[in-house]
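Just below is one structure, and these are the notes that go with it.
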Amino acid sequence: LSSSLLPPLPSFLLFHPPTWEEVSGYDENLNTIRTYQVCNVFEPSQNNWLLTTYVDRRAAQRVYVEIRFTVRDCASIPSVLGSCKETFNLYYLESDHSLSEGRGVEYWTTAPFLKVDTIAADESFSQVDFGGRLMKVNTEVRSFGPLSRGRGFHLAFQDLGACMSLLAVRVFYKKCPSVVQNFAFFPETLTGAESTSLVIARGSCIASAEELDVPIKLYCNGDGEWMVPIGSCSCKAGYEPDKANVCQACPQGTFKSFQGAGLCQQCPPNSLSTAEAATLCGCRNGYYRGDVDKPEDTCVPSAPRNLVSVVNETSVVLEWSPPRDTGHRGDLVYNVLCRRCHSSERRTCQSCEDSVAFSPGRRGLRGDHVEISKLRAHTAYTFDVQAINGVSNKSPYPAQQLSINITTNQAAPSLVPIMHQVSSTSRSFSLSWPPPEQPNGIILDYEIRFYDKLSAGVNSSVVQSGGPGAVLEGLRPGTGYLVQVRARTVAGYGAFSKEMLFHTLTDGKREEDRRGVGGKKNGFGRVCEVILLLLGYRRRQLKESVYGDKLQQYTTGGEAPTVTFPTMSDGHSSPGVKIYIDPFTYEDPNEAVHEFAKEIDPNCVKIEEVLGAGEFGEVYKGRLKLVGKKEFPVAIKTLKAGYSERQRRDFLSEASIMGQFDQPNIIRLEGVVTKSRPTMIITEFMENGALDSFLRRNDGTFPVIQLVGMLRGIASGMRYLAEMSYVHRDLAARNILVNSNLVCKVSDFGLSRYLEEDTSDPTYTSSLGGKIPVRWTAPEAIAYRKFTSASDVWSYGIVTWEVMSYGERPYWDMSNQDVINAIEQDFRLPAPMDCPLVLHQLMLDCWQKDRNARPKFPDLVSMLDKMIRNPWSRTTPSPHALLDRGAPDLSSVSSVEDWLSALKMTQYRDSFVGSGINSLSLITQLTTEDLQRLGVSLAGHQKKILTSVQSMRDHIDDQSPTESL
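For the sequence shown, the residue numbers in our numbering are 489 to 1453.
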């Protein structure tokens, strides 16, 4: 939607008479119209100006000018030599008031006019029909801005020697119209100062509607179109939406209990509403609604039916049927009450012991059965099964229940919990044990089963014991035996206990050495022996599990297994690939640092200058001089004084991570200083610093093919990390470092420190109890903290966008919440300026919502390699045609005029021809200074022309034979 600032053919101030004249002419349909025309082609050095009246811009920041005009073909006018032109210039001048007429040409040539563009005709006329000229009308549209220096402006048209007519000028601006969307009203909004600007418009809910959880916004783009809706309104409870974005009240007999898009519903049975816009239907007498219930009809259920029991020794299974009346609700559950009684008199029952087990539970059961175990043998029990729902506690009647009485049978004893070694010789050892926790009767005897550990259970031996102890004899010296024991009652044997390992003494070792001084162990000594035995077993278990994992083999093929940490990645390692070890699995962080990082003598480190402040202290540039090596520059991170132990652990963990990596595109760790103060982490020095700030400092400097090479290096480093099963979680241009050779290296492996709530960095937003970089993070990682290599691929797509936009902030000035909402609505970042379509498609592949559909890092490296290594193949366009958008097709260019037309730069044709540049060989010699002398002052035009010049040079080089010395 646009609004005009001037009517067609506005009034003009003629201030350089008599060059421009207001005369009658004809349009393309030979209708008579009034025009302004000029045709002083026979006189050299023309400078004729035409100024519009003052135009009030009405708060518009960007203005569009539509010009309808005709131009006479210079070739059809004889004897004009080089003074004839087929172009004219458009200027504008901002001011707070109208300029007076009658000023001389000296004023207009020195006034602070700003040039919009040089206008060239697509078609010129030269034929004559019936004594008059046959016109060919051209229409061109140009825009300029931002406008902020005055209430309005003047337009000026400069003629430098053309024969032309100005038929009509329309001056207008663009705006987004007022609209009602998602039950919210958005007012008319002017577009921004640039064609790519997004202007935020806040909406207001319509009548009977309310906002949801986020503010309501729409973005007005440069074309006057609404886009990226954020948030919405919805109809209040008691109101339903219709097709025309209106919220209507629910009629009587219906209700709507919630805010949202749902429709009004009929009142459920046993309830009613007597007024419009009802949010709840009231219950009739005898019906109840719970405090947190949905507005449905509710009442208490009746009792369960057909309760039966199956007794199995000291266990019982209860089964029942649902009640006849469930209360018209879906939250029916059952409770089981247990009481233990005297068999002769059930009136003296008491609650069952806490040790009684209910499977699947005793309260809130959804099913129609329960198994009850660990009851006493030969004991009477009463079980009550209650049927309840969410409103049973509101009913004046007690919960409906059904009862059953059972008596348990005799049962076998439970497990013997533990065994103790009382003494040991080279041929025997004695054991003791406590009775089972539930003997379920009188213990008659015990059975002991044992076998040699090395026999794997073959040829086991069994002995009997009348009490809780036994001596096992006839054993081999220095041998370990696995032993089990079980108890027997009149109901039979219980289950064997868990296996425990006991050892005999070796030959020649005195029995007293095993028993201690005096040859006999008292009760206290026996308990100490058992405790020491258990502690030793636990210590061996920890050493074999925890430290055994950490002392793994880095490569497969050895006896020790390669251990992966599945919490770090969902990828799988391949044989021969080094696997990342999480330093936080170490009890002592110093152990991890000393295993993966080299300790450096502080005398070898020389600090030169401060580079900045880090998370834990200062960051310096310095030099490192190791024994037998030349001195070289390094970066030094220090730990500030007064640190806590947790800060020191987090600081050193980054070194423990970096020390495991060895790849050209991963920042290299030189070593650490931990045995003196200050504590230091020393890495290679990257001269150009962080990638995002480096790109912003060098905006527009590099050809696209070089940017692709930098992206290939980042992808190579991430491929290496993925193969090691490491997930970065904070891949962004700010965490990529660039050295003097423009090699990009992945750095900053300390995201774990951002998971604390005291982080003040606005880049990292709290989510599910932690801090994450929203603009770079995949949606599943934001919502569910699902960090994988696939989420790193999403982040790599954002890094690619940052690189191609020269460090622009992703999603511009949108808030983090707006970014989350926009991504959920499938909004993706558009291609940056001059970004090849193939690279933007690579970004879109990385931003697939389904993480399994995203490419892997090896795939990304392969794609980028094809772009770099096969630029002239049939399947892959050349890097200059594919990656430098706007370069002409060399096969179709035969002249300077063709070349300018291919670039859409025909406005400079006269300047090139007038300066004697009339061949493509001269084009390949152009420089930036040459372009400035030719009048190409816009940086974007210079870049486009020089990119094409370089493409032509490369094309010539590729066609030349290779010269040998």
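For glycine and all other residues, C-beta sits at the position ideal for the given N, C-alpha and C.
Residue burial classification, residue i (beta-carbon count within 10 angstroms, cutoff 16)
i, result
"VAL553", "buried"
"GLU713", "exposed"
"HIS830", "exposed"
"PRO789", "buried"
"GLU574", "buried"
"SER1454", "No answer is possible for residue 1454: it lies beyond the span of the chain, which begins at 489 and ends at 1453."
"ASP995", "exposed"
"ARG1297", "exposed"
"LYS662", "buried"
"SER612", "buried"
"ARG1165", "exposed"
"ARG560", "buried"
"THR1415", "exposed"
"LEU1179", "buried"
"TRP1300", "exposed"
"GLN1148", "buried"
"HIS1060", "Bear in mind that the predicted position of HIS1060 carries a pLDDT of just 38, short of 50, making it unreliable; the figure below should be weighed with that in mind. So HIS1060 ends up on the exposed side."
"PHE1237", "buried"
"MET1198", "buried"
Where the alpha helix (DSSP H) through residue i begins and ends
i, result
"PRO1152", "Per DSSP, PRO1152 belongs to no alpha helix (DSSP H) and is neither H nor E."
"GLY1402", "1397–1402"
"GLY1285", "1277–1292"
"ALA1455", "As displayed, the chain neither begins before 489 nor continues past 1453, which places residue 1455 out of reach and without an answer."
"ALA1203", "1192–1211"
"SER1409", "1408–1411"
"GLN1420", "1416–1421"
"VAL1384", "1384–1391"
"PHE1182", "1179–1185"
Element boundaries [beta strand (DSSP E), containing residue i]
i, result
"TRP808", "803–809"
"GLU698", "697–699"
"GLY1159", "1157–1161"
"GLU859", "857–861"
"SER653", "651–664"
"LEU960", "957–960"
"VAL798", "793–800"
"TYR1272", "Taken as a continuous stretch (DSSP letters only), TYR1272 belongs to no beta strand (DSSP E), being part of the alpha helix (DSSP H) at 1267–1272."
"ALA538", "One detail in the question is off: residue 538 reads as Leu in this sequence, not Ala. Looking at the DSSP string, the run of the beta strand (DSSP E) that includes LEU538 is 536–540."
"PHE671", "From DSSP, PHE671 is part of no beta strand (DSSP E); its letter is neither H nor E."
"ARG630", "626–632"
"PHE641", "640–647"
"PHE613", "From DSSP, PHE613 is part of no beta strand (DSSP E); its letter is neither H nor E."
"ASP605", "602–608"
"TYR514", "509–514"
"SER1235", "Segment: none, SER1235 is in no beta strand (DSSP E) and carries neither H nor E."
For residue j and residue i, believed in contact at Cβ under 8 Å, the rounded distance
i, j, result
"MET652", "GLN525", "7 Å"
"ARG1207", "PRO1346", "5 Å"
"ALA484", "LEU581", "Any property of residue 484 remains undetermined from this structure, which presents the chain solely from 489 to 1453."
"GLN753", "PHE743", "6 Å"
"GLN549", "LEU635", "6 Å"
"ASN897", "ALA865", "7 Å"
"ASN536", "ASN528", "7 Å"
"LEU1183", "TYR1294", "5 Å"
"ALA983", "ARG974", "6 Å"
"PRO792", "SER809", "7 Å"
"ASN626", "THR606", "Contact doesn't hold; Cβ gap of about 14 Å is too wide."
Enumerate, from N- to C-terminal direction, the unbroken alpha helix (DSSP H) stretches of 4 or more residues contained entirely within the region 1302–1365.
1304–1312, 1325–1334, 1345–1357
Any contact between the region 871–880 and the region 921–929? By contact I mean 3 or more CB pairs, one from each, below 8 Å.
no
Decide if the region 1108–1119 is in contact with the region 1131–1145; the criterion is three or more beta carbon pairs, one per stretch, under 8 Å apart.
no
Meets three-Cβ-pair contact criterion under 8 Å: the region 667–683 and the region 1282–1294:
no
Mind the definition here: the region 819–829 touches the region 762–769 only if three or more C-beta pairs lie below 8 Å; say whether that holds.
no
Taking 8 Å as the threshold, find out whether the region 904–914 comes into contact with the region 859–869 through three or more Cβ pairs.
no
At 3 residues or longer, and completely inside the region 907–995: list those beta strand (DSSP E) runs for me, N to C.
908–912, 917–920, 933–940, 949–953, 957–960, 968–977, 988–991
Sufficient close CB pairs (3 or more, under 8 Å) joining the region 946–954 to the region 983–990:
no
Any chance the region 1211–1219 sits against the region 1270–1279, with 3 or more Cβ pairs inside 8 Å?
yes
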